[in-house]
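**Student:**
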Amino acid sequence: MRIVAVCGAGIGTSAILQTNAERAIAREGLRGVVSASDLAHVADQAADAQVILTSPELVEAVRAAIGRNYAELVVIENYFSVDEIADKLIDAIG
Amino acid sequence: MTAPVLPDSAVEVGAVVGDWRGAVAAAGAALVRSGATSEGYTARMIAVVDELGPYIVVAPGLALAHARPGADVRHEGFAVVTLARPVDFGSVHNDPVRVVVALASTGADAHVAHVAALANAFNDPAAVDRLAAARSADEVRAFFGAVPAGNGTEETR
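Sequence lines, in order, name chains S and V.
In terms of UniProt numbering, the first sequence opens at residue 1 and continues consecutively.
In terms of UniProt numbering, the second sequence opens at residue 1 and continues consecutively.
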């Protein structure tokens, strides 16, 4: 599974989301690779991704940026909640 | 792993601000005091929210202010401002904000120590409460497992 964490700047919040998504994957015993991206590069970064993680405020901008892409868009409210990220990842790939 | 560096100048406890701009500006000023950034970076952190909305409020009560790497970042660093009174950023799920952490980075891979320290510190759901209750720079440093000064590499980079 390829997962991309997206924020506006490509550092900071997306790196936090990437780190905590990696923890969720490890905890649940899932197979996956997580990368971080900014909005400007998400179309390329997510070209072969199954899941895109982002925030409620950015989800529409991400949707517009990726265009025709079959990745599942998953909205994370608390970037530090490994529980929330794990539950939503399992839903997305299930 | 290298402990994150958090000098006294990068911490403000109980800041009095009127709104979210004031909160981000206070965190930006702390980065400037610590030597990590110049003023332009503060303006860019505010512009990120103007442009993209309050997505930097990443957990209940916590804003993670940041902007892209740029010439106004002198070295990587982070700053912590706790607010005397919480302010709203417009976040549906995570308002009001009580703590602003500002992050400055010289490149996408340059801030891994800070990101890991933040992730470790805030994975505990009670963490923002504990940090908001800190009364000194020492208590804030203890929360992050941070040290007051680097080994010299931070300043010479």
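Note that the Cβ used here is the ideal one computed from N, Cα and C, for glycine as well.
According to DSSP, is residue 34(V) part of a helix, a strand, or is it coil?
**Tutor:** On the second sequence, residue 34(V) is found 34 positions in, with the first residue counted as 1. The answer is coil: DSSP assigns residue 34(V) none of H, G, I, E or B.
**Student:** In chain V, what lies closer than 9 Å to residue 26(S) by C-beta?
**Tutor:** For this step, residue 26(S) is matched to residue 26 along the first sequence. The contacting residues do not exist; residue 26(S) stays about 13 Å from chain V at best.
**Student:** Runs of 4 residues minimum, wholly inside the UniProt domain "PTS EIIB type-2" (1 to 94) of chain S: which ones carry the alpha helix (DSSP H) assignment?
**Tutor:** You should have 13 to 28, 42 to 45, 59 to 66 and 82 to 93.
**Student:** Please list the terminal residues of the continuous beta strand (DSSP E) segment that includes residue 15(V).
**Tutor:** By one-based count along the second sequence, residue 15(V) stands at place 15. Element bounds for residue 15(V): 11 to 15.
**Student:** Starting from residue 122(V), find everything on chain S with Cβ-Cβ shorter than 7 Å and list it in chain order.
**Tutor:** As a working mapping, residue 122(V) is identified with position 122 in the second sequence. 80, listed in chain order.
**Student:** What residue from 63(V), 128(V), 28(V) and 76(V) has the CA that sits closest to residue 90(V)'s CA?
**Tutor:** Looking up residue 90(V) in the second sequence gives position 90. When each option's Cα is compared against that of residue 90(V), the closest is 63(V).
**Student:** With DSSP run on the structure shown, which of helix, strand or coil describes residue 59(V)?
**Tutor:** For the purposes of this step, residue 59(V) is taken as the residue at position 59 of the second sequence. In the structure shown, residue 59(V) sits in a strand (DSSP, three-state: E or B).
**Student:** On the three-state DSSP scale, how would you describe residue 64(V)?
**Tutor:** If you number the second sequence from 1, residue 64(V) lands on position 64. Residue 64(V): strand per DSSP, three-state reduction.
**Student:** Can you tell me whether DSSP reads residue 131(V) as helix, strand or coil?
**Tutor:** Along the second sequence, read from residue 1 onward, the residue named residue 131(V) stands at position 131. In this structure, residue 131(V) counts as helix in the three-state DSSP scheme.
**Student:** Strictly under 9 Å for the Cβ-Cβ distance: is residue 38(S) near chain V by that measure?
**Tutor:** The residue labelled residue 38(S) in the question sits at position 38 within the first sequence. With 9 Å as the cut-off, residue 38(S) counts as an interface residue toward chain V.
**Student:** Flag this pair as yes or no: are the beta carbons of residue 20(S) and residue 94(V) separated by less than 9 Å?
**Tutor:** Counting from 1 along the first sequence, the entry for residue 20(S) is found at position 20. Counting from 1 along the second sequence, the entry for residue 94(V) is found at position 94. No.
**Student:** Leaving out five residues before and five after residue 16(S) in sequence, what residues of the same chain have Cβ atoms less than 8 Å from its Cβ?
**Tutor:** Taking the first residue of the first sequence as 1, we reach residue 16(S) at position 16. Hits under 8 Å: 79 and 80.
**Student:** If you draw a straight line from the C-alpha of residue 42(S) to the C-alpha of residue 6(S), how long is it?
**Tutor:** Here the question's residue 42(S) lines up with position 42 in the first sequence. Here the question's residue 6(S) lines up with position 6 in the first sequence. Answer to the nearest angstrom: the Cα atoms are 7 Å apart.
**Student:** Do you know whose CA, among 106(V), 88(V), 143(V) and 137(V), lies nearest residue 17(V)'s CA?
**Tutor:** Sequence index remark: in the second sequence, residue 17(V) carries index 17 (1-based). Comparing Cα positions, the closest option is 88(V).
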